[in-house]
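**Q**
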Amino acid sequence: MPSRKIEKSSVNDIKEITEVLNQSALDWSNGDLEAYMNAYWKSPDLKFIGSRGVTYGWQQTLDNYKKGYPSSDHTGTLTFDLIHVDFLAPEVYSVIGKYHLERPVGEANGIFTLVFKRIAGKWKIVIDHSE
37 MPSRKIEKSS VNDIKEITEV LNQSALDWSN GDLEAYMNAY WKSPDLKFIG
87 SRGVTYGWQQ TLDNYKKGYP SSDHTGTLTF DLIHVDFLAP EVYSVIGKYH
137 LERPVGEANG IFTLVFKRIA GKWKIVIDHS E
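Letter by letter, the sequence shown follows residues 37 to 167 of the numbering used here.
(1) Take Thr111 and list the residues in its own chain whose beta-carbon comes closer than 8 Å to its own, dropping the five residues that flank it on each side.
(2) Give the DSSP bridge partners of Tyr129, in chain order.
(3) Leu82: buried (16+ other C-beta within 10 angstroms of its C-beta) or exposed?
(4) Hey, could you find the ends of the alpha helix (DSSP H) Asp164 is sitting in?
(5) May I ask you to verify whether the segment 120-135 touches the segment 144-154, counting CB pairs closer than 8 Å and requiring at least 3?
(6) Ignore the nearest five residues each way along the sequence and tell me which others in Trp94's own chain have a CB closer than 8 Å to its CB.
(7) Please classify Glu138: does DSSP put it in a helix, a strand, or coil?
(8) Hey, Gly133 and Leu118: beta-carbon distance below 7 Å or not?
(9) Of the choices Glu167, Ser108, Arg88, Trp159, whose alpha-carbon is the least far from that of Ile50?
(10) Please state if the CB of Ser166 and the CB of Gly89 are separated by a distance shorter than 7 Å.
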């Protein structure tokens, strides 16, 4: 019976993580980068890995987004296609997926790996590797 509880918990965890990602895509698409960042761990220990290397910290990640996406022409409409959501440890999951930005300045597509951790009862991205 314990395995059923774990299985049900995993299903609920994946549902909650998916809801966080759906809300973040909506926030991004509304041009609200600060609301988008609610999906991320608000900590100097947050790690974002992109084409320019590793960025450390929530504030620096937000600042980089604001610089790279200065207007709604740049943010556009964000959608995610989740490929895998995998249990790594209690309260920790990895998410592999694709993103698509439809926007006036040109579409953008890429792939990402996220590490989600439940912190203070909420699922937060603690590592984001996006290309």
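Quick reminder that beta carbons are idealized off the backbone N, C-alpha and C, glycines included.
**A** Let's see:
(1) Within its own chain, the residues whose Cβ lies closer than 8 Å to the Cβ of Thr111, once the five positions on either side in sequence are excluded, are Trp64, Ser65, Gly67, Leu69, Tyr105, Leu137, Arg139, listed in chain order.
(2) Per the DSSP secondary-structure output, Tyr129 pairs in a beta bridge with Phe123, Phe152.
(3) It counts as buried.
(4) Not the alpha helix (DSSP H): Asp164 falls in the beta strand (DSSP E), residues 158-166.
(5) Verdict: yes, contact present.
(6) Closer than 8 Å at the Cβ level, and outside the excluded window around Trp94, lie Met73, Tyr76, Trp77, Lys78, Ser79, Pro80, Leu82.
(7) Glu138: strand per DSSP, three-state reduction.
(8) Yes. Within cutoff.
(9) Among Glu167, Ser108, Arg88, Trp159, the Cα nearest to that of Ile50 belongs to Trp159.
(10) It is not a contact, given that the beta carbons lie outside the stated cut-off.
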